[in-house]
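Each residue of the sequence shown is one higher than the one before, starting from 1 at the first, in the UniProt record's numbering.
Written below as C-alpha cells is the structure these notes are about.
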Amino acid sequence: MKTPCNKCGKTIGFFDRSYKIENEKLNIKYEGLCSDCNNVLKKGIEKLDDMYQWMMNNLKKNKDVQKNGLVSVEADLLILLAVEALFSVAPDYYQLDSPLNQTFIRAKESRGVDRQRDIVRIVHILLLYGFEANLKEQGLDTTRNFIAYMIQNEQFLEEVEVNCGVEEELIKANVFLSRRGLIIDTLDNPKLIYISIPSDLLVDYQVQSSEIINEVILKNVFYPWDRKKKVVLTLVSESVLFSVANAIDRFNQKTSKLQDKLKKDSLEYFNDRVVEDLEKIKPGEFIEAIHLDCLLLCIVKNLKSQKMFSMEALFDPKGTAIELLWAYYRQNLRNMGIDNNEKIVTYLLKNCLYAEGFNIKHGNKPSDKGWGFFTTKGYIIYFRRSRQVFFIYTETFPNPLYHPCNRVTYENKQYLQLIMNNGRSLGEEQRELDELIFYSDEPETITQMERFFERHNLYYQMETFLKKQKEVQRKREKYLQVQRIINHIFNDFGFLPYCIYDEWYVIQNELKKDDILLNKLIDTDAGLRKNYTLGQITYAPKIIEAFNRGAEAVQSSLNIVEDSVARAILWVAFKEAVTETLSQEWVRIAGEILDKDDNALSAFFKYVNLKNIEPDKVYFMGLFIYHLMDREILQADNFLENYEGAVRIFLECRRVIEEPQLAGDILPMDELLKEVFPEKKNESNL
Numbered sequence: 001m002k003t004p005c006n007k008c009g010k011t012i013g014f015f016d017r018s019y020k021i022e023n024e025k026l027n028i029k030y031e032g033l034c035s036d037c038n039n040v041l042k043k044g045i046e047k048l049d050d051m052y053q054w055m056m057n058n059l060k061k062n063k064d065v066q067k068n069g070l071v072s073v074e075a076d077l078l079i080l081l082a083v084e085a086l087f088s089v090a091p092d093y094y095q096l097d098s099p100l101n102q103t104f105i106r107a108k109e110s111r112g113v114d115r116q117r118d119i120v121r122i123v124h125i126l127l128l129y130g131f132e133a134n135l136k137e138q139g140l141d142t143t144r145n146f147i148a149y150m151i152q153n154e155q156f157l158e159e160v161e162v163n164c165g166v167e168e169e170l171i172k173a174n175v176f177l178s179r180r181g182l183i184i185d186t187l188d189n190p191k192l193i194y195i196s197i198p199s200d201l202l203v204d205y206q207v208q209s210s211e212i213i214n215e216v217i218l219k220n221v222f223y224p225w226d227r228k229k230k231v232v233l234t235l236v237s238e239s240v241l242f243s244v245a246n247a248i249d250r251f252n253q254k255t256s257k258l259q260d261k262l263k264k265d266s267l268e269y270f271n272d273r274v275v276e277d278l279e280k281i282k283p284g285e286f287i288e289a290i291h292l293d294c295l296l297l298c299i300v301k302n303l304k305s306q307k308m309f310s311m312e313a314l315f316d317p318k319g320t321a322i323e324l325l326w327a328y329y330r331q332n333l334r335n336m337g338i339d340n341n342e343k344i345v346t347y348l349l350k351n352c353l354y355a356e357g358f359n360i361k362h363g364n365k366p367s368d369k370g371w372g373f374f375t376t377k378g379y380i381i382y383f384r385r386s387r388q389v390f391f392i393y394t395e396t397f398p399n400p401l402y403h404p405c406n407r408v409t410y411e412n413k414q415y416l417q418l419i420m421n422n423g424r425s426l427g428e429e430q431r432e433l434d435e436l437i438f439y440s441d442e443p444e445t446i447t448q449m450e451r452f453f454e455r456h457n458l459y460y461q462m463e464t465f466l467k468k469q470k471e472v473q474r475k476r477e478k479y480l481q482v483q484r485i486i487n488h489i490f491n492d493f494g495f496l497p498y499c500i501y502d503e504w505y506v507i508q509n510e511l512k513k514d515d516i517l518l519n520k521l522i523d524t525d526a527g528l529r530k531n532y533t534l535g536q537i538t539y540a541p542k543i544i545e546a547f548n549r550g551a552e553a554v555q556s557s558l559n560i561v562e563d564s565v566a567r568a569i570l571w572v573a574f575k576e577a578v579t580e581t582l583s584q585e586w587v588r589i590a591g592e593i594l595d596k597d598d599n600a601l602s603a604f605f606k607y608v609n610l611k612n613i614e615p616d617k618v619y620f621m622g623l624f625i626y627h628l629m630d631r632e633i634l635q636a637d638n639f640l641e642n643y644e645g646a647v648r649i650f651l652e653c654r655r656v657i658e659e660p661q662l663a664g665d666i667l668p669m670d671e672l673l674k675e676v677f678p679e680k681k682n683e684s685n686l
C-alpha cells in the first residue's frame with residue numbers, strides 16, 4: 001500500500017523506507033516521512049541543538065551565571081545570544097529551502113522572505129528548547145507573549161550602513177538592536193560583530209537628520225576592538241531613524257526600571273545584613289534607639305563585604321550609606337538632630353574616619369594589611385590575611401577608646417601605637433587585647449589616623465580633666481594640696497619670671513609641646529610671639545622642671561591616672577594663681593591706684609605718673625598688667641596676649657606727658673583701644 005509523506009505529501013514507494021521522528025520538546029511528531037524530509041528535519045533539529053550549544057558555551061563564561069545559575073539570565077540577554085547563535089550557525093535561516101526554515105517555519109513556496117518574522121519564530125523555539133524555565137519565570141513561554149515582547153524590546157534593521165570598517169568606512173549590514181547589545185551582520189564581506197551592552201547602561205545617543213543623511217550615534221556604545229570608537233548607524237530614511245530612537249528610549253526606560261528594582265532589592269538585602277549585625281551587638285534593643293555610630297560601623301562592615309557597593313558611597317550624599325539611613329533609620333538620624341544629607345556628610349567627616357592601605361601589628365603575630373573605620377563610640381579593624389575582625393563599641397562618649405595613642409619607633413620605622421583594654425571580635429568569644437601598632441608606606445595615612453585619635457583622645461582627657469577639676473574645687477584638702485605645690489614654685493623662683501615676656505613665652509611653649517590637653521588649654525589665638533626678647537633665658541628651664549615635678553605630685557596625691565590631666569589641673573590653677581598673686585603684689589608695692597571707671601588708657605596715664613616706682617622697669621610693668629587682668633580692665637586672660645598692647649599704650653601715654661606739644665597727635669581714646677585690643681571672637685577647635 002502506498003502512503004503519502006506526512007510533511008511534503010509525496011507518495012512513499014512500496015519499496016521505499018518510511019521514517020518516523022518524534023520530539024515532544026520541539027512539538028515535532030511525524031509517523032511517516034520520506035527520506036528527503038527526514039534528512040531535512042534531522043538537519044534542522046541538529047542546527048537548533050548546535051545553536052543551543054553555542055549559547056551555553058557563551059553563558060558559561062558569564063560571571064552572573066556562574067554565581068546564580070542559568071535561571072537568573074534575563075530574557076533580553078537570552079534573545080541577543082540566540083540571535084547571535086542563529087546568525088553564526090545558520091545564516092541561511094530565512095531561505096525557504098534551509099533546514100531550519102523547513103523544520104520550524106514550514107513556509108509555503110508562495111510566501112516571500114520575512115527575516116524579522118523568522119528570527120522571532122526560531123528564537124522562541126530555541127529558547128523553549130533550552131531555556132523554558134527562564135521564559136516561564138518571565139511569563140514569555142506562550143507564543144503570543146513572546147512575539148509581543150520581542151517586537152517591543154528588539155529591532156531588526158535590514159541593509160543599513162555601519163561605521164565598522166577601517167577608520168570610519170561605512171559597511172552595509174543587517175543589524176539586530178536590543179537593550180543588551182547589537183549584532184552587526186555585514187553583507188558584502190560576511191562578518192559577524194557582537195557588541196554587548198551592560199544591563200545597567202543607559203544608552204546615550206544623538207540623532208542627525210537632514211536631506212542628505214540620517215544617523216544615530218550611540219555615544220557610549222563602542223566596538224570591542226576600539227573602546228573609543230562609537231557605533232554609528234546610517235539609516236535609509238527619517239522614519240527609520242525615529243523608529244530606532246524610539247526603540248532606544250524604550251530600552252532606556254526599561255533599564256531605569258530594572259535599575260530601580262535592583263537597587264531596591266539590593267538595598268533590602270544589604271539592610272538585612274546590617275540588622276543581623278545590630279542584633280548581635282544590641283540584642284533586644286529597639287533599632288530606632290541605637291546610636292548613629294553603631295549603625296555606621298555595621299554599614300561599613302557590610303559595605304566592605306558586599307562587592308555591589310563601594311566605599312566611595314560612604315561619603316557621597318547620594319550614595320548607598322546615606323540612602324540606606326534615610327530608608328530604614330530616619331528616626332536614628334532625627335535623634336541626632338540630622339534632617340538632610342549635608343548634615344549626615346558633615347557628621348561623617350567630623351566624627352568618623354575610614355582608612356586603608358596600612359599594616360597592623362598585634363602582639364607577637366606577623367604584621368598584616370588591613371582597613372579600619374573609626375567613630376566616636378567604636379571602631380572596626382579588619383586583618384586581610386587572617387580575615388579577623390576587631391569590633392569594639394561603647395555607649396559612652398567621651399571614652400578612652402583612643403587613649404593613650406603614641407608615636408613609637410619599631411625596627412627604625414615610625415609607628416602609631418593604640419593601646420586596647422578589651423574588645424569583641426564580631427561573632428566570636430571575648431578576648432583580651434593589649435595594643436595595636438599601625439604603620440604605612442604612605443605617611444599621610446598614619447598622620448590622618450593620629451590626628452583622629454588625638455582629637456578623640458583630647459575629648460576624653462578634657463572630660464576627665466573637667467571632672468577632676470570640679471572635684472579639686474569642691475574638696476578643700478585637694479585644693480590646698482594644689483595650692484601648696486604652686487606656692488612652692490613661687491617661693492623658689494619669685495615673681496619676676498612671669499613679668500618677662502620671653503621667659504613666660506618659653507615656659508608656656510615648652511609645657512604645651514607634646515601634650516594635646518595643655519596644647520588646648522594654653523591658647524593664645526594668634527600664637528605665642530617672640531617680639532620682646534631681652535636676652536638669655538634664665539628662669540624658664542628651672543620653672544618647667546619644677547612644674548613637671550609638681551604635676552607628678554598632683555597626680556600621686558589626687559590619684560589621677562592620666563599624667564596629662566594632672567598637668568592640666570596644675571596649669572589652670574597655676575595660671576590663675578600667677579594673675580591673682582602678682583596682682584596682689586602690685587597693690588602691696590604701689591597701692592590701689594585705679595577707680596572703677598578706669599579703662600586701659602586712663603590706667604596707664606596713672607601708671608606713667610607714679611613716682612614711688614620706676615614705670616620703665618619690666619617687673620613693675622608686668623605686675624601692673626596682671627593687676628589690670630585681675631580687675632578685668634584687660635579682657636584677655638593671657639599675659640602674653642596683653643603685653644604688646646599694654647606696651648603700646650604705655651609708650652603713647654608717656655609720649656603725651658613728656659611731649660605735651662604733640663598731644664594733639666595721639667589717636668582718640670576709643671580708636672586707640674580698639675586698635676590695640678581688638679575684640680576677640682569666641683572660637684573652639686573642639
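From the three backbone atoms N, C-alpha and C, an ideal C-beta is built for every residue, glycine too.
Pairwise C-beta distances place the region 135–143 out of contact with the region 155–174, as fewer than three of them are shorter than 8 Å.
Note on R227: under 16 other CB atoms within 10 angstroms of its CB, so exposed under the neighbour-count rule. Rounded to the nearest whole angstrom, the CA to CA distance from V240 to F156 is 11 Å. Counted as a single uninterrupted DSSP element, the beta strand (DSSP E) harbouring A173 occupies residues I171 to S178. Beta-bridge analysis with DSSP links L418 to C405 and L436. Going by DSSP, S72 is part of no alpha helix (DSSP H) at all; its letter is neither H nor E. With 16 or more other CB atoms across the displayed protein chains lying within 10 angstroms of its CB, P99 is buried.
Taking one beta carbon from each stretch, the region 86–100 and the region 37–50 have 3 or more pairs nearer than 8 Å; the two touch. Of the other Cβ atoms in all chains shown, 16 or more fall within 10 Å of the Cβ of P497; this residue is therefore buried. In this structure, L401 lies away from Y382, with their beta-carbon atoms at least 8 Å apart. For G645, the three-state secondary structure derived from DSSP is helix. Only exposed fits N491, as fewer than 16 other CB atoms lie within 10 angstroms of its CB. If you check the CB distance, L418 and E435 come in under 8 Å. For H403 and A636, the gap between their C-alpha atoms comes out near 32 Å. In the three-state scheme derived from DSSP, where H, G and I count as helix and E and B as strand, Q584 is classed as helix. Using a Cβ distance threshold of 8 Å, K468 and V572 do not count as a contacting pair. Here P4 is bridged, per DSSP, to T11. DSSP lists no beta-bridge partner residue for V40.
Shown here, Y30 sits in a strand according to DSSP, grouped into three states. Cα atoms of E675 and R648: separation of roughly 10 Å, rounded to the nearest angstrom.
Secondary structure note for T445: its alpha helix (DSSP H) is the uninterrupted segment P443 to R474.
DSSP lists S209 as the bridge partner or partners of N214. Closest in C-alpha terms to I183, from the list L80, Q95 and E268, comes L80. The Cβ atoms of A600 and L634 sit closer than 8 Å to each other.
In the three-state DSSP reduction, V65 falls in the helix class (H, G or I). According to the DSSP secondary-structure assignment, W371 is paired through a beta bridge with E356 and Y382.
Rounded to the nearest whole angstrom, the CA to CA distance from I195 to Y223 is 7 Å. Under the DSSP assignment, T394 falls outside any beta strand (DSSP E); it carries neither an H nor an E label. Going by beta carbons, N612 and A590 fall inside the 8 Å limit.
Between Y354 and L314 a beta carbon distance of about 6 Å is seen, short of the 8 Å cut, so the two are scored as contacting. For S305, the three-state secondary structure derived from DSSP is helix. In the structure shown, the three-state DSSP call for S237 is coil. Membership of N340 in any beta strand (DSSP E) is not indicated, and neither H nor E is assigned to it by DSSP.
For K25, there is no enclosing alpha helix (DSSP H), as DSSP marks it with neither H nor E. Contact between F452 and F374 holds: their C-beta atoms lie close to 6 Å from each other, under 8 Å.
Residue nearest to I119 within the set V83, L349 and D260 is V83 (criterion: CA-CA distance).
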